[in-house]
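Here the working numbering is used: the first residue of the sequence shown is 49, the next is one more, and so on.
Idealized CB from N, CA, C, for every residue including glycine.
Before any comments, here is the structure.
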Amino acid sequence: MDFWFLVAGIAIGLAVAAPIGPVNIICIQKTIRNGFWGAFVVGLGAAVGDTIFGAMAAFGLTTIQSVLVQFESWLAVIGCLVLVGMGVLAWRSHPHLTQSVQTPRDIAHAALATFVLTITNPITALGFVALFTSAGLTRDASSGDAATIVLGVFLGSALWWLFICRVAHSIRERLSDSHLLRINRASAVLIWIFAALVPLKVFLA
């Protein structure tokens, strides 16, 4: 395993996951409402989506990338609908610190939602291509090197979600039920704003 390719992959994973977007908002809200580990698993759903895009860029799967761009409008609609639904759930929920345990099934559904949000965003795929190309990572890289980069992308994305969830969890200890309700409502509004921006950004591109 070439250490440089691993470090480069981690850096790319961090760079793609770090910009504040709907998944970041959802993970912060889930951490404050339900605790650290459940929210971290939700973040890993997005990390898996990032890893798939990283694999496409690392192994040069241009056919799949072109298909994503071709169906960009439909993917934007799917992502928008998922965001609207998650915003509604966040707005309608009335969390309590003493009753904030989610079942494994609830966590799995939320992780699937963040995964869908990630893979229905063709802009993320194009971002990976741009990062890989600018860093020259796909030139003369063996399949083993490409696999190492993909591993790094997953680790980098997972590290970001670990950081976000840890920070949000430290804040959770200082909050009351009324704070949680206001955070849920604010999260819902932000998620709806992102839902409105997704198709707008695609159709204006």
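Exercise. Where residue 236 and residue 204 are concerned, what is the direct C-alpha to C-alpha distance, given to the nearest angstrom?
Worked result: Within the sequence shown, residue 236 is the residue found at index 188, counting from 1. Within the sequence shown, residue 204 is the residue found at index 156, counting from 1. Each residue's Cα considered, the two are about 27 Å apart.
For this session: Tell me whether residue 150 sits in a helix, a strand or coil according to DSSP, three-state version.
Result: As a first step, residue 150 must be located in the sequence shown, where it is residue number 102. The answer is coil: DSSP assigns residue 150 none of H, G, I, E or B.
Exercise. Are residue 82 and residue 150 touching if we call contact CB-CB under 8 Å?
Worked result: Position 34 of the sequence shown holds residue 82. Position 102 of the sequence shown holds residue 150. Yes, these two residues count as a Cβ contact at 8 Å.
Problem set entry | Reference residue 164, options 222, 54, 64 and 126, closest by Cα | Counting from one through the sequence shown, the residue named residue 164 turns up at place 116. Comparing Cα positions, the closest option is 126.
For this session: Would you decide whether residue 105 is buried or exposed? Buried here means 16 or more other CB atoms lie within 10 Å of its CB.
Result: Your numbering for residue 105 matches position 57 in the sequence shown. That one is buried.
Exercise. Measuring from the CB of residue 161, is there a heavy atom of the ligand ATP at a distance below 7 Å?
Worked result: Absence of the ligand ATP is noted for the structure shown, with no ligands found whatsoever.
Exercise. Distance, Cα to Cα, residue 219 vs residue 87?
Worked result: Position 171 of the sequence shown, counted from the start, is the residue given in the question as residue 219. Position 39 of the sequence shown, counted from the start, is the residue given in the question as residue 87. So the two alpha carbons sit approximately 14 Å from each other.
For this session: Would you mind sorting residue 53 into buried or exposed? The rule is 16 or more other CB atoms within 10 Å of its CB.
Result: Mapped onto the sequence shown, residue 53 falls at position 5. Buried.
Exercise. What three-state label does DSSP hand residue 168 in the structure shown?
Worked result: By one-based count along the sequence shown, residue 168 stands at place 120. Of the three classes helix, strand and coil, the one that applies to residue 168 here is coil, per DSSP.
For this session: Confirm, please, whether the CB-CB distance from residue 158 to residue 78 is below 8 Å.
Result: Here residue 78 refers to the residue found at position 30 when the sequence shown is read from its first residue. Here residue 158 refers to the residue found at position 110 when the sequence shown is read from its first residue. With contacts defined by Cβ atoms closer than 8 Å, residue 78 and residue 158 form a contacting pair.
Problem set entry | Cutoff 6 Å; reference residue 167; Cβ partners in own chain excluding five residues on either side | Against the sequence shown, residue 167 aligns to sequence position 119. These residues qualify, in order along the chain: 97.
Exercise. What does a CB cutoff of less than 7 Å around residue 201 pick up in its chain, not counting 5 residues either side in sequence?
Worked result: Against the sequence shown, residue 201 aligns to sequence position 153. Counting only residues of its own chain and dropping the five nearest sequence neighbours on each side, residue 201 has a CB closer than 7 Å to the CB of 57, 60, 61, 98, 99 and 102.
For this session: Could you check how far apart the C-beta atoms of residue 209 and residue 65 are, in whole angstroms? I think they sit under 8 Å.
Result: Counting from one through the sequence shown, the residue named residue 209 turns up at place 161. Counting from one through the sequence shown, the residue named residue 65 turns up at place 17. Their Cβ separation, rounded to whole angstroms, is 7 Å, which keeps residue 209 and residue 65 in contact under 8 Å.
Problem set entry | Distance CB(residue 131)-CB(residue 243) smaller than 8 Å | The sequence position of residue 131 within the sequence shown is 83, counting from 1. The sequence position of residue 243 within the sequence shown is 195, counting from 1. Yes, Cβ-Cβ distance for residue 131 and residue 243 is below 8 Å.
Problem set entry | Beta carbon of residue 206 nearer than 8 Å to that of residue 92 | Mapped onto the sequence shown, residue 206 falls at position 158. Mapped onto the sequence shown, residue 92 falls at position 44. Closer than 8 Å, so yes.
Exercise. Exposed or buried, which one is residue 51 when buried takes at least 16 other CB atoms within 10 Å?
Worked result: For the purposes of this step, residue 51 is taken as residue 3 along the sequence shown, with counting starting at 1. The residue is exposed, with fewer than 16 neighbouring Cβ atoms inside 10 Å.
Exercise. Taking the C-alpha atoms as reference points, what is the distance between residue 238 and residue 76?
Worked result: As a first step, residue 238 must be located in the sequence shown, where it is residue number 190. As a first step, residue 76 must be located in the sequence shown, where it is residue number 28. Roughly 12 Å between the two C-alpha positions.
For this session: Could you check how far apart the C-beta atoms of residue 155 and residue 89 are, in whole angstroms? I think they sit under 8 Å.
Result: Position 107 of the sequence shown, counted from the first residue, corresponds to residue 155. Position 41 of the sequence shown, counted from the first residue, corresponds to residue 89. Their Cβ separation, rounded to whole angstroms, is 5 Å, which keeps residue 155 and residue 89 in contact under 8 Å.
Exercise. Nearest CA to the CA of residue 213: which residue from 55, 70, 69 and 80?
Worked result: Numbered from 1 along the sequence shown, position 165 holds the residue referred to as residue 213. Cα-wise, what sits closest to residue 213 is 80.
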